Structure formats: C-alpha cells, structure tokens
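The structure appears right after this line, and notes come after that.
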C-alpha cells in the first residue's frame with residue numbers, strides 16, 4: 189500500500205474523518221468544562237486531558253483557547269436558533285401562536301440542559317469574540333423574524349419605521365427579559381414565553397394602530 193493511501197485511510201477511517209472526530213471530542217470537552225465549572229476553567233490543558241488528545245491535535249483545530257470557546261458558543265447558538273425556527277415553522281396558527289411556540293421551545297431547550305444554561309448566562313467580557321457574537325446573535329434573531337415572519341398576518345412595522353430596525357428592537361427587549369430569567373429563574377420557561385409573547389403582541393398592536 190502506498191504511503192498516501194495509509195495517510196488517507198487508517199483502520200477504515202479517512203484522515204478527514206479522524207480530524208472531524210478529534211474536533212468533535214475537543215468541542216464536547218470544552219462545552220462540558222464551560223457548562224460544569226465556568227468559562228474560567230476552560231483551558232487547553234484541561235480540554236486535551238478530558239478529550240484524551242495531545243495538545244498538537246488541539247492546535248490542529250484551534251488557534252488558541254478563545255477560538256475553541258467561540259466555536260462552542262457558535263455551536264450552542266446554532267442549536268438554539270434551529271430550535272427556535274423549527275418550532276415556529278411547524279406550528280399552525282397566527283403570529284401569536286408561532287411566537288409562543290418558538291419562545292417556549294427555545295427557553296425549554298436552555299432549561300433542560302444545565303451546561304447550556306450556564307453557557308448562556310456567562311459574563312462575556314473575558315473573551316472579546318463572545319461580546320461581538322452577542323450583538324451578531326441579536327441581529328440574527330431579527331433577521332430570522334424577517335425571514336420567517338414575512339406573510340404572517342399581524343407581522344409588520346409601523347408606518348415610516350424600517351422593518352429591520354423594528355425587529356431588532358423587539359429582539360433586544362425579549363433578550364433582556366431572557367437575560368434576567370437566566371440569572372433568577374423565578375418562573376418557568378412556559379411562563380416567560382407567555383409573558384414575552386403577550387408583551388410583543390401588545391407592542392405590535394399599539395404601534396400598528
């Protein structure tokens with residue numbers, strides 16, 4: 189067997205698949221460390237130890253610790269956004285029904301996983317890339333509202349107001365309530381989803397009169 193074949197396929201697993209498996213192990217270890225003990229405890233050494241990989245494999249995937257943390261944050265965000273969109277898309281009814289379903293699924297997904305809950309309420313000041321992603325995430329939520337809300341009765345901005353800015357305003361308000369809930373958890377996900385839905389619909393009704 190030629191050397192190129194050995195590099196490409198080892199034990200029936202290609203080199204690309206092995207790299208993907210190592211990346212998965214590193215992400216899982218980073219996510220667990222962040223979720224169980226906090227962001228400050230995520231280290232290259234600790235992640236390598238937990239994943240059973242040598243540091244050289246870490247740097248094969250990530251430039252540094254912050255790059256791993258950002259990748260974990262992106263993954264969690266992607267999962268939660270997928271839940272948000274899918275729940276809204278598969279729920280019949282008017283805007284209020286879809287919004288309630290999406291928020292309930294989103295909040296329940298956070299509440300059901302203690303690691304995700306801790307990740308979502310982390311102080312982002314220590315990693316510059318995370319603070320930037322926070323703003324990006326709010327803009328992404330607004331864009332999702334525009335993409336999936338178009339055509340639903342009751343969805344729209346007041347006359348003279350840019351629809352994207354309107355969506356960002358709504359997303360920011362809901363996010364503030366969610367941030368408070370992450371700290372206090374003084375109500376159930378369903379109760380918060382109902383409150384956010386009611387406030388959003390009240391606001392929408394008021395500005396569209």
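Residue numbers (the numbering used here): 189 to 397. Even glycine gets a Cβ: it sits at the ideal position worked out from N, Cα and C. Computed from a predicted structure; not experimentally measured.
Compare the Cα-Cα distances from residue 320 to each of 270, 374, 207 and 261 and report the closest residue.
Per the Cα distances, 261.
Can you tell which of 248, 325, 279 and 361 has its C-alpha closest to the C-alpha of residue 203?
Minimum Cα distance to residue 203 is reached at 248.
For residue 235, is the classification buried or exposed, using 16 other Cβ atoms within 10 angstroms of its Cβ as the cut-off for buried?
A residue is called buried once 16 or more other Cβ atoms fall within 10 Å of its Cβ, and residue 235 is buried on that count.
Do the stretch 290-299 and the stretch 374-386 make contact, defined as three or more Cβ pairs closer than 8 Å?
Judged by pairs of C-beta atoms under 8 Å, the stretch 290-299 touches the stretch 374-386, as three or more such pairs exist.
Test item: CB-CB of residue 326 and residue 363 under 8 Å:
Result yes, Cβ atoms of residue 326 and residue 363 sit closer than 8 Å.
Give the straight-line distance between the Cα atoms of residue 209 and residue 257, rounded to the nearest whole angstrom.
Residue 209 and residue 257: Cα-Cα distance of roughly 18 Å.
Would you report the Cα separation of residue 378 and residue 207, rounded to the nearest angstrom?
Looking at the two C-alpha atoms, the distance is approximately 40 Å.
Which whole-angstrom value is the C-beta distance of residue 232 and residue 222, which I expect to be below 8 Å?
Actually they do not touch by this definition, with Cβ atoms about 13 Å apart.
Residue of 391, 246, 302 and 370 minimising C-alpha distance to residue 220:
Nearest Cα to residue 220 within the set 391, 246, 302 and 370: 302.
Assuming residue 370 and residue 351 are in contact, meaning their beta carbons sit under 8 Å apart, how far apart are those beta carbons, in whole angstroms?
Their Cβ separation, rounded to whole angstroms, is 28 Å, which puts residue 370 and residue 351 out of contact at 8 Å.
Note down the Cα distance separating residue 287 from residue 276, rounded to an integer number of angstroms.
Residue 287 and residue 276 have their C-alpha atoms spaced approximately 6 Å apart.
Take residue 239 and list the residues in its own chain whose beta-carbon comes closer than 6 Å to its own, dropping the five residues that flank it on each side.
Counting only Cβ-Cβ distances below 6 Å, and skipping sequence neighbours, we find 213, 214 and 217.
Whole-angstrom C-beta distance between residue 307 and residue 273, which should lie under 8 Å:
Their Cβ separation, rounded to whole angstroms, is 20 Å, which puts residue 273 and residue 307 out of contact at 8 Å.
Is it true that the CB of residue 389 sits closer than 8 Å to the CB of residue 324?
Contact flag unset, no.
Check residue 242 in the structure and name its three-state DSSP category.
DSSP places residue 242 in coil when its eight states are reduced to three.
Given this structure, state the Cα-to-Cα distance separating residue 409 from residue 243, to the nearest angstrom.
Here the chain comprises residues numbered 189 to 397, so residue 409 is not present and cannot be evaluated.
Let me confirm a value: residue 211 is counted as buried when at least 16 other C-beta atoms fall within 10 Å, else exposed. Which label applies?
By the 10 Å Cβ count, residue 211 comes out buried.
Please classify residue 329 as buried or exposed, where buried requires at least 16 neighbouring CB atoms within 10 angstroms.
Of the other Cβ atoms in all chains shown, 16 or more fall within 10 Å of the Cβ of residue 329; this residue is therefore buried.
Length of the line joining the Cα atoms of residue 361 and residue 387:
Straight-line Cα distance between these residues: approximately 10 Å.
For residue 201, is the classification buried or exposed, using 16 other Cβ atoms within 10 angstroms of its Cβ as the cut-off for buried?
Counting Cβ neighbours within 10 Å, residue 201 comes out exposed, since fewer than 16 surround it.
Starting from residue 372, trace the alpha helix (DSSP H) both ways and give me its first and last residue.
For residue 372, the enclosing alpha helix (DSSP H) starts and ends at 351-372.
How many Å lie between residue 245 and residue 296 at the Cα?
Taking the straight line from one Cα to the other gives about 35 Å.
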